[in-house]
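These notes concern the structure reproduced below.
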Amino acid sequence: MRLKILLLPCVVLAGTSYAADVAVVGLFPGKAVLVIDGAPPKTFSVGSMVTADVKLLAADESSATVTVNNKKQTIAIGQHVNRFAPAGPTSVILQADGQGHFITQGQINGGTIQMLVDTGATMIAFSEADAQRLKIDYKSGQRGRVSTANGSIPVYRIKLDTVKVGSIELNQVDAVVQQGSLPFALLGMSFLNRMEMRRDGEKMTLTKRF
258 MRLKILLLPC VVLAGTSYAA DVAVVGLFPG KAVLVIDGAP PKTFSVGSMV TADVKLLAAD
318 ESSATVTVNN KKQTIAIGQH VNRFAPAGPT SVILQADGQG HFITQGQING GTIQMLVDTG
378 ATMIAFSEAD AQRLKIDYKS GQRGRVSTAN GSIPVYRIKL DTVKVGSIEL NQVDAVVQQG
438 SLPFALLGMS FLNRMEMRRD GEKMTLTKRF
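Residue 467 is where the sequence shown ends in our numbering, and the numbering goes up by one at each step.
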């Protein structure tokens with residue numbers, strides 16, 4: 258059984274005595290290591306009440322699913338949710354890796370996929386292998402070609418039903434499926450142009466605008 262652990266500074270909202278922030282710092286089947294309002298990490302089993310209104314519903318090697326104020330949310334390792342987010346803008350904080358890249362576990366049409374934030378990509382892009390794994394009928398999309406470092410390659414332009422990063426979910430997002438391998442899906446501007454992006458050192462905050 259492999260345990261995934263990530264050391265992550267947790268954002269804490271001052272001026273309230275209620276748990277406002279839930280971060281996932283460790284995952285293994287059936288359990289999740291959570292940080293509540295910056296307190297020391299604590300391990301919770303599936304079915305446990307994390308706080309009075311936060312319950313851990315599921316946990317696997319890539320994400321934890323909780324109910325927050327009776328709303329189900331999936332949190333990838335290294336991400337967090339704010340219990341009071343529904344009353345204001347929906348945001349997610351991403352942590353840079355050792356090379357300064359922002360890579361996150363997201364969801365496309367309900368299936369999990371690793372994504373690299375790429376402001377140079379016009380649209381979300383991922384490989385045919387990922388499209389097949391996610392059971393996306395990409396070959397019914399519009400055929401075209403794009404230029405890459407390896408030359409011009411054929412692609413299929415499609416529209417995704419849902420794209421989710423942390424607590425942010427968008428519908429009907431433009432994307433391309435390309436031949437050849439990609440180590441990560443590219444989280445391009447068809448998603449990012451609907452965000453307010455703010456970088457602070459090794460953290461990037463995405464806030465949904467519309």
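Built from N, CA and C at the ideal position, the CB exists for glycine as well.
These numbers were taken from a predicted model, which means no experiment stands behind them.
To the nearest angstrom, report how far apart residue i and residue j are at their CA atoms.
{"i": "residue 288", "j": "residue 353", "result": "25 Å"}
{"i": "residue 449", "j": "residue 338", "result": "19 Å"}
{"i": "residue 386", "j": "residue 456", "result": "32 Å"}
{"i": "residue 294", "j": "residue 436", "result": "44 Å"}
{"i": "residue 401", "j": "residue 411", "result": "6 Å"}
{"i": "residue 305", "j": "residue 333", "result": "18 Å"}
{"i": "residue 463", "j": "residue 408", "result": "32 Å"}
Would you give the residue range spanned by the beta strand (DSSP E) that residue i belongs to?
{"i": "residue 427", "result": "425 to 435"}
{"i": "residue 453", "result": "452 to 457"}
{"i": "residue 400", "result": "399 to 405"}
{"i": "residue 285", "result": "278 to 285"}
{"i": "residue 449", "result": "First-last for residue 449: 446 to 449, but that is the alpha helix (DSSP H), not the beta strand (DSSP E)."}
{"i": "residue 315", "result": "311 to 316"}
{"i": "residue 414", "result": "408 to 422"}
{"i": "residue 333", "result": "328 to 333"}
Relative to the C-alpha of residue i, which candidate in the options has its C-alpha closest?
{"i": "residue 398", "options": "410, 392, 411, 415", "result": "415"}
{"i": "residue 370", "options": "439, 311, 308, 379", "result": "439"}
{"i": "residue 296", "options": "307, 302, 456, 286", "result": "307"}
{"i": "residue 423", "options": "403, 408, 329", "result": "329"}
{"i": "residue 361", "options": "389, 445, 413, 402", "result": "445"}
{"i": "residue 418", "options": "404, 391, 443, 403", "result": "391"}
{"i": "residue 442", "options": "278, 303, 368", "result": "368"}
Quick check on the DSSP output: the alpha helix (DSSP H) that includes residue i runs from which residue to which?
{"i": "residue 388", "result": "385 to 390"}
Excluding the 5 residues flanking residue i on each side, which residues of the same chain have their C-beta closer than 6 Å to its C-beta?
{"i": "residue 290", "result": "282, 283, 298, 300"}
Leaving aside the five residues before and after residue i along the sequence, list all residues of the same chain whose C-beta is less than 7 Å from its C-beta, in chain order.
{"i": "residue 257", "result": "Because residue 257 is not part of the residues shown, which for the chain are 258 to 467, the question remains open."}
Please confirm if the region 377 to 385 is in contact with the region 426 to 446, defined as three or more CB-CB distances below 8 Å between the two stretches.
yes
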